[in-house]
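Each residue of the sequence shown is one higher than the one before, counting from 0 in numbering that gives the first Met the number 0.
Beta carbons are placed, not taken as given, at the ideal position from N, Cα and C, and that holds for glycine.
No experiment lies behind these values; they were computed from the predicted model shown.
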Amino acid sequence: MRLTRWTAYCLVLLMCAGAAQAFTTIGFFTVKPGGEPEMNGWKFAALQGSGGDTPLAQFEDLTGYQIGILDPPPAGTGAFHMQPYEGYSNPAPHVCLGTNNFAGVKIDDVQTIRYATCTTYASYAQNDAIPPVIELYLTDGTQLYMFEWQAPIAPEPVYINQWYNWDLSIQGTFKEWDPPAGQQWQGDWNWFKQRAAGMWFAGTAAEPVPVSLDPGVGNLTGTSCTIRNGSPKVSASGWQSNGGSAWWRNNATSETWVDLFEIFFNDGSFQSYDFEARPARHILTKTTLDPMMSEAKQRYLFRATGKIQSINNGYFYLIDGSGKTMHVRCQRWDRVAANGDMVTFPFSIIDEKADPPKVSVGRRQLIKKQ
Ligand SMILES: [Ca+2]
Numbered sequence: 000m001r002l003t004r005w006t007a008y009c010l011v012l013l014m015c016a017g018a019a020q021a022f023t024t025i026g027f028f029t030v031k032p033g034g035e036p037e038m039n040g041w042k043f044a045a046l047q048g049s050g051g052d053t054p055l056a057q058f059e060d061l062t063g064y065q066i067g068i069l070d071p072p073p074a075g076t077g078a079f080h081m082q083p084y085e086g087y088s089n090p091a092p093h094v095c096l097g098t099n100n101f102a103g104v105k106i107d108d109v110q111t112i113r114y115a116t117c118t119t120y121a122s123y124a125q126n127d128a129i130p131p132v133i134e135l136y137l138t139d140g141t142q143l144y145m146f147e148w149q150a151p152i153a154p155e156p157v158y159i160n161q162w163y164n165w166d167l168s169i170q171g172t173f174k175e176w177d178p179p180a181g182q183q184w185q186g187d188w189n190w191f192k193q194r195a196a197g198m199w200f201a202g203t204a205a206e207p208v209p210v211s212l213d214p215g216v217g218n219l220t221g222t223s224c225t226i227r228n229g230s231p232k233v234s235a236s237g238w239q240s241n242g243g244s245a246w247w248r249n250n251a252t253s254e255t256w257v258d259l260f261e262i263f264f265n266d267g268s269f270q271s272y273d274f275e276a277r278p279a280r281h282i283l284t285k286t287t288l289d290p291m292m293s294e295a296k297q298r299y300l301f302r303a304t305g306k307i308q309s310i311n312n313g314y315f316y317l318i319d320g321s322g323k324t325m326h327v328r329c330q331r332w333d334r335v336a337a338n339g340d341m342v343t344f345p346f347s348i349i350d351e352k353a354d355p356p357k358v359s360v361g362r363r364q365l366i367k368k369q
């Protein structure tokens with residue numbers, strides 16, 4: 000992942016020191032990134048919960064995929080892959096990618112937020128899936144407020160295999176979690192700006208967003224600005240992840256990528272994040288049993304290579320000679336490789352507590368070794 004236009008903007012700012020004074024100083028000039036340095040302040044987490052398999056959550060390069068139905072991403076060659084598997088009870092499966100880079104920034108100073116998504120498969124509602132939402136934790140200095148923005152799903156459906164560029168100020172609907180009694184709880188950008196007037200992004204040390212499975216209290220990443228795929232809760236009374244439609248559309252298996260997150264401010268400045276794959280570290284399957292994996296999987300992209308031992312067309316064991324196997328969920332892997340083939344694939348999230356450890360990959364990531 001790299002910061003492109005923002006870096007360019009900083010260079011221009013340095014070259015034009017006089018002009019820089021004309022800019023209003025707002026939050027992000029003083030905010031320190033909250034995540035790993037190589038993530039530019041972004042962090043991700045995934046919850047399998049009631050889902051049938053280990054979710055996918057990783058930065059991937061989309062170049063050279065063996066199945067080329069995915070258009071090029073809107074920036075660079077990579078994107079963040081976020082894919083929970085079906086789960087219809089709590090805790091509900093979902094994936095979060097978020098940042099506290101905007102902690103302290105007032106909503107009044109935000110002109111708009113944009114990001115791009117591409118869904119290539121949705122198990123329950125093809126062409127009608129809910130693309131990843133934006134979850135905002137704001138504060139007025141006394142309490143946290145949770146808002147969710149969703150892409151418009153009607154009258155036009157969100158088609159699969161297409162990149163959509165969403166703009167929160169002109170599309171979609173905001174919803175407020177647990178609003179005061181009698182309070183209108185959803186609306187467009189104008190409603191949101193009015194409702195959140197005077198509030199600012201939480202996520203500072205003084206106003207943290209807790210890491211929590213309880214929506215309204217916090218989220219998986221503890222971040223105030225979060226891209227999320229999957230509802231954190233099913234059938235929530237008075238508030239559902241899809242508002243007036245069925246919550247399960249957000250909890251079906253959803254194979255989705257997200258890229259090019261941008262936030263624009265009223266003074267003309269902006270930050271732009273191009274999600275790109277990081278170098279993958281090659282490991283042996285036996286390494287996945289090491290206790291370090293529970294921490295390391297949040298930080299690194301890994302790569303495993305080995306021979307396929309077929310279970311069925313949705314699962315196989317990876318045998319790499321290290322004495323341990325890995326249980327790999329890969330739907331229709333048999334369209335890319337055969338039993339006994341040598342393959343390699345990247346992964347971040349692994350269930351190292353399972354025996355053998357379990358990982359999910361998309362067959363686009365499955366590269367057959369010659
Ligand atoms: Ca990208």
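The C-alpha of A279 is placed about 22 Å away from the C-alpha of A336.
Burial is judged here by how many other beta carbons sit within 10 angstroms of a residue's own beta carbon; Y158 has fewer than 16 and is exposed.
Contact check for A44 and C95: beta-carbon distance about 5 Å, within the 8 Å limit, so the pair qualifies.
A180 sits in coil when the DSSP states are folded into three classes, being neither helix nor strand. One alpha carbon belongs to P92, the other to P209, and they sit about 18 Å apart. Bounds of the alpha helix (DSSP H) holding R194 are W188 to R194. Nearest Cα to F146 within the set D354, P214 and V104: P214. Inclusion of S211 and N228 in the CB contact set at 8 Å is not warranted, their separation being larger than that value. In the DSSP assignment, E294 falls within the unbroken alpha helix (DSSP H) covering M292 to A295. If you check the C-beta of F274 against ligand 1, you find a heavy atom less than 7 Å away.
Take the alpha-carbon of L135 and the one of P71: they are about 28 Å apart.
DSSP, reduced to helix, strand and coil, places D108 within a helical segment of the structure shown. The C-alpha of F346 is placed about 12 Å away from the C-alpha of A295. Around the C-beta of R194, 16 or more other C-beta atoms lie within 10 Å, and the residue is accordingly described as buried. Contact between the segment 80-88 and the segment 186-202 is absent: fewer than three C-beta pairs spanning the two stretches fall below 8 Å. Separation of G313 and H326 (C-alpha to C-alpha, rounded to the nearest whole angstrom) is 11 Å. With the rule of 3 Cβ pairs closer than 8 Å, the segment 305-312 counts as touching the segment 340-360. Residues of the same chain with a CB within less than 6 Å of the CB of T220, apart from the 5 flanking positions on each side, are K42, A44, C95 and G97 in chain order. By the 16-neighbour rule on beta-carbons within 10 angstroms, I129 is buried. Per DSSP, the continuous beta strand (DSSP E) segment holding S253 begins and ends at S253 to F264. Listed in chain order, the alpha helix (DSSP H) runs fully inside the segment 200-240 amount to none, counting runs of at least 4 residues. Burial of R363 is indicated by the presence of at least 16 other C-beta atoms within 10 angstroms of its C-beta. For A56, the CB stays at least 7 Å from every heavy atom of ligand 1.
According to the DSSP assignment, C95 belongs to the beta strand (DSSP E) that extends over H93 to T98. Around the CB of G217, 16 or more other CB atoms lie within 10 Å, so the residue is classed as buried. Counting along the chain, the unbroken beta strand (DSSP E) around D60 starts and ends at L55 to D60.
Just so you know, the alpha carbons of K352 and Q330 end up roughly 22 Å apart. Proximity to I349 across E206, A303, G181 and F101 peaks at A303, based on C-alpha coordinates. Rounded to the nearest whole angstrom, the CA to CA distance from K357 to N265 is 46 Å.
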